[in-house]
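Residue 204 is where the sequence shown ends in numbering that gives the first Met the number 0, and the numbering goes up by one at each step.
Where is the CB? At the ideal position from N, CA and C, for every residue including glycine.
Bear in mind that the values here come from a model prediction, so they are computed numbers and not experimental data.
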Amino acid sequence: MKDKDLRKMIGSRIKQRRTELGLHQKYIAKLMDVNASTIQRYEAGTIDNTKKLILEGLAEALHVSVEWLKGETDEYESDVTDKRDIQIRDLMGRLSVTAQNELNEEQFAFSKDLLIYMLSEYELFLESFKFGCTNFLNNEKNKDIATAMGIDSVKEYNEIGFLREVNHTANAYNDIADVIRLYPKNPDKAGQRLKNLMDTYADEE
C-alpha cells in the first residue's frame, strides 16, 4: 500500500472509531497532547499519521490495536464500545498516575484516601442501584404490597423502596462533604474522620 493510501486508511479508521464512540476531536487531541486541528488532519490523511509513536498514541486513545488502524485486521481487539467506558478508563488511568505535585505527604495521602472511599461507596451504590431498578422502578407487581401497607399507589411505594435502597449513598456523600469542609479547620481531625468512614466501609464488606 502506498504511503498516501495508508494515510487515508488510517485516517478513515480514526474517524470511524472516534465517531462510533461519540468522542470529539478535542478529546482525542487532549489525550495525545496535540491540537484538535492535528487530529483533524490525521483523519483527513493530509499529514503523516503512519509513524509508530503516533499510531500507538491513537490506538491507546481509541482503545483499538495499531494493526486495526492500519487496516491489517478488522478486529478491534477491544471491549470498549461506549463513550462513557472511554472516559471512565481514561480518568481512572490519569488518577492512578497523578503526581504529588505541590502537596505534602499528609495532604497527598488524604486526597488518595478520599478517592478510595468515594470509589468504594460507588461500588456499594451500584449494587443498591441495580437492586432498586430491578425491584422498584415501574414494577407493577408491588401493587398488592403497596395496598397492604396502606400506601396510595404502587408508584409511591416503588419510589419509597428505590430511595431506601440508595439512601446510604446520599448519606455517604454528605459525610464526604463534611470531611472536606472540616479539612481547612483541622486536617488531622478530618483525616481521622475519613479513616473512620473507611473502616466502617471495610466492616460492611
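C-alpha gap between residue i and residue j, whole angstroms
| i | j | result |
| --- | --- | --- |
| L118 | D2 | 46 angstroms |
| L113 | I175 | 8 angstroms |
| S127 | K29 | 35 angstroms |
| R6 | T37 | 14 angstroms |
| A60 | I46 | 19 angstroms |
| D198 | V65 | 44 angstroms |
Delimiting residues of the alpha helix (DSSP H) encompassing residue i
| i | result |
| --- | --- |
| S110 | 104-134 |
| S11 | 2-20 |
| N137 | Per DSSP, N137 belongs to no alpha helix (DSSP H) and is neither H nor E. |
| N173 | 153-181 |
| R75 | First, the residue type needs correcting, since residue 75 is Tyr and not Arg in the sequence shown. Taken as a continuous stretch (DSSP letters only), Y75 belongs to no alpha helix (DSSP H), as it is neither H nor E. |
| H146 | Checking the sequence, you will find Thr at residue 146 rather than His. From DSSP, the alpha helix (DSSP H) with T146 extends over 142-147. |
| V65 | 65-68 |
| G56 | 51-61 |
| T37 | 35-43 |
| K25 | 24-31 |
Below-9 angstroms beta-carbon distance, residue i vs any chain B residue
| i | result |
| --- | --- |
| D47 | You won't find chain B in this structure, because it holds only one protein chain. |
Option in the options with minimal Cα separation from residue i
| i | options | result |
| --- | --- | --- |
| L68 | A189, V153, I9 | I9 |
| F161 | D177, I179, L125, K14 | L125 |
| E104 | G21, A43, P186 | P186 |
Residue i vs residue j beta-carbon contact at 9 angstroms
| i | j | result |
| --- | --- | --- |
| F135 | N157 | yes |
| Y41 | F109 | no |
| E120 | T168 | yes |
| V178 | R192 | yes |
| R209 | Y75 | The structure shown has nothing for residue 209, since the chain only spans 0 to 204. |
| L123 | D81 | no |
| V153 | A147 | no |
| H62 | D32 | no |
Buried or exposed (CB count within 10 angstroms, at least 16 for buried), residue i
| i | result |
| --- | --- |
| N34 | exposed |
| R88 | exposed |
| R12 | buried |
| I115 | exposed |
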